[in-house]
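Reading through the structure tokens given below for one structure.
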Amino acid sequence: YPSYNLGADFPDSVSWNAYVKSGGKLSRGDWRREAVNVFIENLYKKIKAAKPHVKFGLSPFGIWRPGYPESVSGFDQYEQLYADAKLWLNKGWIDYFTPQLYWPINRQNASFPVLLGWWQSENTLKRHLWPGMSVGRDTSVKSVNETLNQIMITRGMVPESKGAVHWSISSVTKNTSLAKALLESTYRNDAIVPPSPWLDNKAPESPKVTTDKTDKLTISWTHPNEKDVFRWVVYYKYGSSWSYTILNRNDRSYNLSNSIEVNKTTVPLKQIAVTAVDRTGNESSRSEIVLQ
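Numbering (our numbering), first residue to last: 1477 to 1768.
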């Protein structure tokens, strides 16, 4: 239910009176919450019936109810928005869940890690828990570090699904200090969306890889079931260090230098590998070629 200004209630009296007249026993609050619950459950099921791989997510207010956990106080979405967000997570009617945890780490009555830990304890079906983080236009070192620390806390507390959602994207792009810090630290490398095993837990077959070595190394690959592939990942090892590049489904080759310079030392390309990734994040085993 929307949050109306000036205390105005939602105009659903006609439907409510019809429900009571038909013998309905729920309170008005429970009746409203049930309507929202039914809508979300049906929407999730209809999406999966049409396209099972499409992920559906919700971003509710970050506090379920005051007192959950005990140290938390604030707005009660259960009573004021008729949103039982805990139930949606408990029932698994979502593929990713993004509670709006728009408070700093050290906020006593609404601490970011305290609330994240509580939602994680309610995530019994192991859906993706990607907390919403508020990004303002404050370019101070303190503000930038707050965002970086929240990302690292999330990765430590939810290691099986390392993700975050920033609100709003315009604040991220316009805050050049934050954007620079993200690209140089926590978001330095590209990433594949974590798998969603409740949707599909079967990895695609491995690609067949060939190489052509001249002044550079050209890696090519084919796949027996290309419709199963959404991304390719090319891994390459110079010396003892592995790196990787994520490519689109239409790519079929990638070029690499036979060697690179590191601290004025020539480091040869020693090994490469390619994997296939499907729409739900399942990654195939590596098809590897040792070069040296």
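The beta carbon of each residue, even a glycine, is placed where N, CA and C say it ideally should be.
Could you tell me the alpha carbon to alpha carbon distance between residue i and residue j, rounded to whole angstroms?
i: I1629; j: L1591; result: 12 Å
i: A1484; j: V1512; result: 19 Å
i: Q1768; j: V1669; result: 32 Å
i: T1769; j: V1548; result: This structure gives no information on residue 1769, because the portion of the chain shown stretches from 1477 to 1768.
i: I1523; j: K1531; result: 8 Å
i: L1643; j: T1690; result: First, the amino acid is wrong: residue 1643 is Trp here, not Leu. Cα to Cα, W1643 sits roughly 48 Å from T1690.
i: F1588; j: P1580; result: 6 Å
i: Q1553; j: D1560; result: 8 Å
i: S1503; j: V1496; result: 9 Å
i: G1568; j: P1536; result: 15 Å
i: S1849; j: V1490; result: Residue 1849 is absent from the model: the chain starts at 1477 and stops at 1768.
i: D1666; j: L1659; result: 10 Å
How about residue i and residue j: are their beta carbons less than 8 Å apart?
i: D1571; j: G1533; result: yes
i: L1577; j: G1608; result: yes
i: Y1711; j: I1748; result: yes
i: F1706; j: R1725; result: yes
i: E1598; j: K1562; result: yes
i: S1613; j: K1650; result: The sequence given here has Arg at residue 1613, not Ser. Cβ atoms of R1613 and K1650: closer than 8 Å.
i: S1653; j: V1611; result: no
i: T1698; j: P1683; result: yes
i: N1758; j: K1638; result: no
i: G1715; j: K1740; result: no
i: F1573; j: L1605; result: yes
Spatial neighbours of residue i within its chain, please: C-beta separation below 6 Å, excluding the five flanking residues on both sides.
i: R1755; result: H1529 and F1706
i: V1791; result: With the chain represented from 1477 up to 1768, any question about residue 1791 goes unanswered, as that position is not in the structure.
i: D1704; result: P1680 and D1754
Could you pull out every residue in the same chain whose Cβ sits closer than 8 Å to the Cβ of residue i, ignoring the five residues on either side in sequence?
i: N1701; result: P1680 and E1681
i: N1566; result: E1598, T1600 and L1601
Counting only the same chain and skipping the five closest in sequence on each side, list residues whose C-beta sits under 7 Å from that of residue i.
i: A1550; result: It is worth fixing the name first, because residue 1550 is Gly in this sequence and not Ala. Correct list, in chain order: I1539, P1542, N1585 and A1586.
i: S1769; result: Because residue 1769 is not part of the residues shown, which for the chain are 1477 to 1768, the question remains open.
Discussion item. In chain order, what are the residue ranges of uninterrupted beta strand (DSSP E) at least 3 long that sit wholly in the region 1613 to 1654?
Written reply: 1641 to 1643
Item to complete: Entirely within the region 1694 to 1718 and at least 3 residues each: give me those beta strand (DSSP E) ranges in chain order.
Response: 1707 to 1714
Practice prompt. Could you tell me which uninterrupted alpha helix (DSSP H) segments, each at least 4 residues in length, are contained entirely in the region 1540 to 1597, listed from first to last along the chain?
Written response: 1553 to 1556 and 1561 to 1567
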